[in-house]
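Here is the structure we will look at, set down as structure tokens.
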Amino acid sequence: MAASGGRASSAPLLGRDNEPTIFELSRPGRASWQLPTTGLPETPLADLVPAEHRRGAPVGIAEVSERDLVGHFTRLSHRQYSVDLGAYPLGSCTMKYNPKVCDAVAGLPGLAGVHPAAPAPLVQGWLATLVALEEALCEIAGMAAATLQPAAGAAGELTGLLLMRAYDEARGERRRRVIIPDSAHGTNPASVTLGGYETTTVRSDERGLVDLEALRAVLDTDVAGMMLTNPNTLGLFEEDIAQIASAVHEVGGLMYYDGANLNAILGVVRPGDMGFDIVHLNLHKTFATPHGGGGPGAGPVAVAPHLAEFLPGPRPVRLPGEGAEVRYGWQTPRRSIGRVHGWHGNALVLARALAYIEVHGGDGLHRVAERAVLNANWIRKRLSSTFDVAFDRPCMHEVVFSAAALHRRTGSSAFDVAKGLIEEGFHPPTVAFPLIVDDALMVEPTETESYETLVALAEGLERVAARAHEGTLEGAPRTTPVRRVDEARAARTLVPTFDAVGKQK
Amino acid sequence: MAASGGRASSAPLLGRDNEPTIFELSRPGRASWQLPTTGLPETPLADLVPAEHRRGAPVGIAEVSERDLVGHFTRLSHRQYSVDLGAYPLGSCTMKYNPKVCDAVAGLPGLAGVHPAAPAPLVQGWLATLVALEEALCEIAGMAAATLQPAAGAAGELTGLLLMRAYDEARGERRRRVIIPDSAHGTNPASVTLGGYETTTVRSDERGLVDLEALRAVLDTDVAGMMLTNPNTLGLFEEDIAQIASAVHEVGGLMYYDGANLNAILGVVRPGDMGFDIVHLNLHKTFATPHGGGGPGAGPVAVAPHLAEFLPGPRPVRLPGEGAEVRYGWQTPRRSIGRVHGWHGNALVLARALAYIEVHGGDGLHRVAERAVLNANWIRKRLSSTFDVAFDRPCMHEVVFSAAALHRRTGSSAFDVAKGLIEEGFHPPTVAFPLIVDDALMVEPTETESYETLVALAEGLERVAARAHEGTLEGAPRTTPVRRVDEARAARTLVPTFDAVGKQK
Amino acid sequence: MPDYLPHTGEDLADMLGFLGLSSLEELFASVPAALRLAAGLGLPEGVPEPDVLARASARGAANAAAGLVCFAGAGAYDHEVPPVVRALAGRSEFVTAYTPYQPEVAQGGLQAIFEFQTMVSRLYGLPIANASLYDGASALVEAVNLGTGSTGRDGVVVSAGVHPHWRSALRTFAAGTGHRVLEAPLVEGVTDWSALEAEGEVGVVVAAYPNYLGCLEDLGPARRLADERGALLAIAADPVGAAIVRSPADWGADVAVGEGQPFGTALSFGGPYLGLFCCAASHVRRLPGRLVGETLDADGRLAYVTTLRAREQDIRREKATSNVCTNQTLMALTAAVQLGWLGTAGLAEVATRCACGARYCRDAMLRLDGVEPLTGSTPTLREFALHLPIPADLAIERLADEGYLAGVALDALVGEDGDGSLGADSASHGLLVAVTERRTKDEIDGLVAALGKAVR
Amino acid sequence: MPDYLPHTGEDLADMLGFLGLSSLEELFASVPAALRLAAGLGLPEGVPEPDVLARASARGAANAAAGLVCFAGAGAYDHEVPPVVRALAGRSEFVTAYTPYQPEVAQGGLQAIFEFQTMVSRLYGLPIANASLYDGASALVEAVNLGTGSTGRDGVVVSAGVHPHWRSALRTFAAGTGHRVLEAPLVEGVTDWSALEAEGEVGVVVAAYPNYLGCLEDLGPARRLADERGALLAIAADPVGAAIVRSPADWGADVAVGEGQPFGTALSFGGPYLGLFCCAASHVRRLPGRLVGETLDADGRLAYVTTLRAREQDIRREKATSNVCTNQTLMALTAAVQLGWLGTAGLAEVATRCACGARYCRDAMLRLDGVEPLTGSTPTLREFALHLPIPADLAIERLADEGYLAGVALDALVGEDGDGSLGADSASHGLLVAVTERRTKDEIDGLVAALGKAVR
Ligand SMILES: Cc1ncc(COP(=O)(O)O)c(C=O)c1O
Ligand SMILES: Cc1ncc(COP(=O)(O)O)c(C=O)c1O
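Which chain is which? The protein sequence lines are A, B, C and D, in order.
Sequential numbering of the first sequence, starting at 3, is according to my numbering.
Sequential numbering of the second sequence, starting at 3, is according to my numbering.
Sequential numbering of the third sequence, starting at 17, is according to my numbering.
Sequential numbering of the fourth sequence, starting at 17, is according to my numbering.
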């Protein structure tokens, strides 16, 4: 078998010194800025800003040469793991390869250089982009209409909950509860609260799926809806989804699909067809827009026809009219809940996602799902003798192992396994989530990792487990820029800025 | 003093494994190419290429996914030191900061997307660029005309020698010798040979300068010219340059200026004013076009008026004509030696250099020289008690130390010092050049390194020297992706391609 | 045509064999057959990358706005972003990393965000800054949540000088949180807080500085109102202006928010941008979003890590201070690079040049017949509002033909959101003009001349 | 306005103080006063980066050629370069490194070049490939130097099918080396070697494949001529064509050279490109330029290093095999990335698509009245030469107005260099048309239609 391509074997160029902060590199009088020549007469600051508004002292930022600026951030980049360096099997995060062509799309001056308040006739290309993406996402989700405004999954969730609320209010109702399963992502309950609802948690059964009986027990006409991820965060498909949906619909509730991780079902099954009314999609997961170290993302929300009139506005639309040339404009839905973003959403992220969809097409997206599920199942089976599979049945795009038994036997937890895997050249899986699995290790290989990489990853985890048994895992990682960091100390002795350094005891 | 910005303190992210070759990552059937849809009918290969010309088997390159391609080269980049990671005080190489604005210039579609054979009316912007650069370089060098064709310094040297030859032949002469000092760069004698001349080496005196008497002794009418670097490769200004030039001119020879390193004299003194007839300039040194790991560069050659008619052609020129609008075209000098490049030279490198010159202006270039010389002298003085300064007098842009005494006392050579400095977070100085200094350590800080970086570099070298005395230097570097490599083995057991792996004993 | 999937036919066979399956289809056995998409997605077939890029270029070419000289602002500004900033912020290690859940392999990104937090904190004068929120609007919403949460009062008094879209978002989210949002109107560009004095409990007072019409208001009254009502003061401050005007902290803000787009992020048709969020130390446990802190590693070496995580949704779930998870880290890192490039002097220079250009432009425009100030003599900084003799959208249309994006029609800005802070006539004839440091004298002169023609 | 110099006033004072100097001026004491430039350089003052970028953009905009659909070739081709290749080859670690003099900190670049060498060797079928030369022309010159050096014979027989500019460069450098360069003429696109059979000693025979008129010649006669004269055979081979036609090694070449621009390097107005150079193992000690080899480090770990350095100028000085020092490493690395992206199948696909498009284009053009083949029925690959009823430069001018760069006028190509390989009429009416995989049917149809109109 060929060598693994997804294993980062980067090596140190030099010493292990920390990189100083830019503030330590700073020296009064040094600078790197250069601004265009404008030919404008200079007006003294005192004439521009009345004394009562003027700042006392300049804001001290940092004073570095361009050369030092470049050295600083280039060196920092060498202290940062990334998909481009190696596999990143973080469960629930879908860290797949981000095609570089999408960077090129996002860098096009015709897209990146457009002011968001320019009138519609001057931004026809952007409107066409947004409409095309909205249509594609609706087809993928099996929905009727969408808003592209939400900037991330959590923003999408809250938008969806506000749509639920608007829908209820339009019906003259005021329901108070939203049901979520105990395996749900933390953003779900947090969004429920911000949506003005109370969370009712429904437990998973021994299959790792929503317990239908438990669900029925909490359903009544005070339930505005249910939020569900399917496949759920255990990577399992909720087989009873049809029954779940009709049970919720029966009491007049809406079904909300947390589509952060749509990867497994692309072209296989659609939330709309499963009975969902509202869906959000994380473009920074399924649609390969890079995660940027924590963002930006985009969390469009698609809805069934009966919710379209509540969508945030203004929405990009194809204008009615005759003739061959399509014209686009903005339209605010009749009973819109209002804006959920300062402008139109994370437009450049949206443009990337459209490019990704266009390259793949319907057929390619289906292949994505197949390969993602194949990879996850291969890992599941391969590692099932090394770790316990939390719920040992075929999974979808990800699989949750439990290191609880290992922990009991060896004292090494899932957390230790994660740190050990770093030394093997891989980013660790997600640990401690979902909460319902003890010592969870949640592996999502994604479809872009090769068979060789999966083998190497599995071998790495096997070696780590062996080290746990040998008792040599403690203290890992040793090969990283810093070793295990003291998280408790960070919270205890808060140093949130360079200016706070030394001020804390 | 603030922390040093030019010190690479990058640290390992992961293990120290080697990166497999792309051939090892390859797997039959995997691919990453995507080509545009053309709508053309497909013609079978057999109909396109007659059997007697057809290749038997496809060329096996490698078969990798785009994801693995990205991982591979990104990881390789983490195994490569560069200016952007830290100081690079390689003497004679002028590894200064390369402004990113020049990358932007070189990436402009209007420049990068132009075919070199497009007719002059369609490439007016390029011709304007080349003419502007030629004029600026002539001003900087004190010369009358230039060719931008030579792709690097060595190509410039050979061009210059062919100009000498053409000049001689036009005078009906056939001189056979070219004089170079013993401190000259290796390309000088190599170019002399290719120019059809014999090298006469003249020794340096105890000042590190050309020995005027020794020079006079070898001058006669068989001498076509003399090649000189000034400041020479010891970083010293040839104070007798006026006498040297007139002595050479007296016998009818031409003076050739090896202007690879013009950094020290920008706006201070010009080769033309020193009496030189021909100059080449390394744009990849003085004019900050990045070195690319070994190229590309550009080595334009500027000449005094009497040599202009021999320059390679075609040359970009401003066309005579009335009206406000300037038009440009091509012109081949009357007695041109012919082409020295397949097209017009390394055009995008030339465009970068022009941008660099425009940002700096005449005043800025002069500041470059001042700072470069200041930095070198500071290092010279600071380290003069740690190493012997080869010729202890004020230097120009670089300084040559000798580790010979250290070597004798401790057994650690200049080479060992270099390897030790790597562990300190710096790229080492040039070693073993110039040849006339034993255990040479040639330091060229360049003007873009800060005072703090110089201090850190000096401290690093001091620590290395201390380690030499302690006897702990051996075996350095230990912190690099690989440790000291066996150069002898590479030559003895030649493995020049992956296909040769294992075939050698 | 290849795609991004590495599986060869042999790989597929091997892997399926290992799983005891005979087709990829069987992987989806747990999906009820009745729900399966029989015919596949109704999307076109995939097309190769170069075609997709060409298509995107064509769409870009259909955005006439991209080619215009930009005098539009209203929270999104055409500032200089040098190639060096783009090169550094675009390094793939930063772009393709996830949230730093494993700090040992994420020191690069963490340190950059620590530096970002420090810069934002210095700019706004408050000691705590988070790692970014989605945009200015969402930062404002979070500031209000913090204020109401901390005071236990659900009344929110917002100056109508806060960006109309932000106020719209505030109203949208108030439907969930149940906040009562009260707007204090603008008079000649200055908030009239007195109009609201009679109404119920107030948890937070929100002012803007400069406000969306470009005016620098005295925020003393806002602070006093907050004090009287036991409310927090949140200030939405233009981060570029902050370089030369009083900081939110100088005005006594408890929370400061802003739109960080001016720091290195392209206009991008409105996103991704980044919300800046700063607060007093006493509110740190209510801080929304991620916070990077300094700590030590096992060897006692300095290290960075996300901290006070117990506020966040993944740990606190329904009790979290906010639901934010993915934020705008890459834009925050970009802002740190851009601010590092500008430095102390460059930042002040940018702010001064903007104000300088705006003054020149405003003076010239006010010399045109029929063009009047919309905000009286209230001082403005880099943006100003005019009353035109013709509808502003018409003026914008005419000036686009001359190569200028002349500004933002106030109507368009407030209209969609049903904002009543401006009278109908002021809105439809109101033009908001912004001048950044990129605008040259020739461009401004050209714009003014074209405007003169257009309004004639 | 800041520049790239980090020295603060305090730094300057401290450093000068340390040196015992009171001004920067004094640093130049060793430069005789009489020679000093009193008034400074006669160059304009420096201008800020954004202005310089704007100026360069304006110059770019003045290159009408950049906007045309490109059918020009003649050694420089408009091939697909995907964003991924640009992103990887543009990584600053590769761009801002020096020649790998310290292999311990240059393994990244060294390994990439090792991979490049392997790919070039596989393409041309010869076991040794160097790390690049300046361009195709310089690679040819070096091949001739190797051939004459190795045989000790100074006669060089070159097919007139070798690119005219390369032959021009060969003549230029022959003035120094003293080589006698003899050209074997083309007849209907095929070299007539017989014309030269009578002349003196021959050290190297040079053929091109396909030749610059696009023709695939039988190189058997070239190999036989070389054998008869005890000369080496050097073949200048199109590296894209090499994917589908016989390799230089298949034809018995001792040395193979080529222009590597088609592998990932933009048209770039002719440079920087890269010379490909390959030879038989027996010539390795005469190899010009750098060579990367595999070795071990002190721990026995695999490592890469430049090797056989004793051939090079810095060690061998006047006895070096070549004077080359700086080469085109970054372009070589780019080629390795591009070839890695294309892979085995993609490379063949590109070559096939070029040939396919060229065939389609040629057939269509030959259907136009008065347009005739210039090379009879000799097979061509991705480029072909036509005889037009009007001067080729006129046709190119007319087609530029229609949006096409129709090809290269043979006159322009050979004229400047006084090449006599084509008759005056063939040259002035000769048009060389290249079709790459980027050219669509619509573009070709458009070009043909426009040509039809232009020659009418
Ligand atoms: C299942 C699930 N739901 C919701 C989210 C929240 O999405 P975001 O981080 O974009 O707000 C995530 C991502 O972290 C997720 O994995
Ligand atoms: C003094 C000197 N001369 C000539 C050269 C040769 O220049 P190039 O490497 O561009 O051929 C160099 C650079 O290495 C040099 O330092």
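Every residue, glycine too, gets a C-beta built ideally from N, C-alpha and C.
- Using the C-alpha atoms, what's the distance from Ala114(B) back to Ala50(D)? 43 Å
- Task: Can you tell me which of the three DSSP states Met229(B) falls into?
- Result: strand
- Task: Pick out whichever of Val303(B), Pro302(B), Gly340(B) has its Cα sitting closest to the Cα of Gly192(D).
- Result: Gly340(B)
- Pairwise C-alpha distance: Leu162(C) and Val271(C): 9 Å
- Task: Name, in chain order, the residues that DSSP records as bridge partners for Ala252(C).
- Result: Ala224(C), Val273(C)
- Message: Is the beta carbon of Ile63(B) closer than 7 Å to that of Met480(D)?
- Response: For residue 480(D) there is no data in the structure shown, the boundaries of chain D being 17 and 472.
- In terms of DSSP beta bridges, what is Val402(A) paired with? Met444(A)
- Message: Taking the beta carbon of Ile412(D) as the centre, do at least 16 other beta carbons fall within 10 Å, making it buried, or is it exposed?
- Response: buried
- Skipping 5 residues on each side, what residues in its chain have a beta carbon closer than 6 Å to that of Leu475(B)? Ser414, Asp418, Gly422, Arg469
- Query: Can you name the start and end residues of the alpha helix (DSSP H) that Val1(A) belongs to?
  - Reply: No information on residue 1(A) is available, as it lies outside the stretch 3 to 507 that chain A covers here.
- Query: Using a C-beta to C-beta distance shorter than 8 Å, which residues of chain A count as neighbours of Ala103(D)?
  - Reply: Lys102, Asp105
- Message: Spatial neighbours of Glu263(D) within its chain, please: C-beta separation below 6 Å, excluding the five flanking residues on both sides.
- Response: Strictly speaking, residue 263(D) in this sequence is Ser, with Glu absent from that position. Within the same chain, Ser263(D) has close Cβ partners Tyr140, Gly141.
- Message: Cβ closer than 8 Å: which chain D residues qualify as neighbours of Ser535(B)?
- Response: Outside the displayed span of chain B (3 to 507) sits residue 535(B), for which this structure offers no information.
- Query: Does Lys505(A) have its Cβ less than 7 Å from a Cβ in chain C?
  - Reply: no
- Applying the criterion that 16 or more other CB atoms from any shown protein chain within 10 Å of the CB defines a buried residue, is Ser11(B) buried or exposed? Any reading at Ser11(B) must be qualified, since the residue scores a pLDDT of 48, below 50, and its modelled position is unreliable; the value itself is stated next. Result: buried.
- Cβ separation of Ala89(B) and Glu451(B), assumed to be a contact under 8 Å, to the nearest whole Å: 5 Å
- Item | Secondary structure, beta strand (DSSP E): runs of 3+ residues fully inside the segment 151-229 of chain C | 171-175, 196-200, 220-225
- Can you name the residues of chain A whose CB is closer than 9 Å to the CB of Glu360(B)? Ordered by position in chain A, no residue passes the 9 Å Cβ test against Glu360(B), which lies about 12 Å from the chain.
- 8 Å contact criterion, which Gly188(A) and Asp330(C) should meet: CB distance rounded: 4 Å
- Item | Simplified DSSP state of Pro318(B), which is helix, strand or coil | strand
- Message: Can you confirm whether Pro302(A), when its beta carbon is compared against all beta carbons of chain B, has any partner nearer than 7 Å?
- Response: no
- Message: Between Thr281(C), Ala361(C), His179(C), which has its C-alpha nearest Gly106(C)'s C-alpha?
- Response: Thr281(C)
- Query: Which partner residues of Val391(A) appear in the DSSP bridge assignment?
  - Reply: Phe403(A)
- Query: Using a Cβ-Cβ distance under 7 Å, would Pro255(C) count as near chain D?
  - Reply: no
- Below 9 Å between beta carbons is the criterion; list the residues of the segment 291-324 of chain C that meet it against any residue of chain B, in chain order. none
- Which bits of chain B does Glu68(A) rub up against, with CB to CB less than 9 Å? Tyr99, Pro101, Lys102, Thr450
- Message: Under 6 Å: does the beta carbon of Ala442(B) sit that close to some heavy atom of ligand 2?
- Response: no
- Query: Considering only residues of the segment 415-491 of chain B, which uninterrupted beta strand (DSSP E) runs meet the minimum length of 3 residues and lie entirely inside it, listed in chain order?
  - Reply: 442-445
- Query: Around the Cβ of Pro52(A), are there at least 16 other Cβ atoms within 10 angstroms (buried) or fewer (exposed)?
  - Reply: exposed
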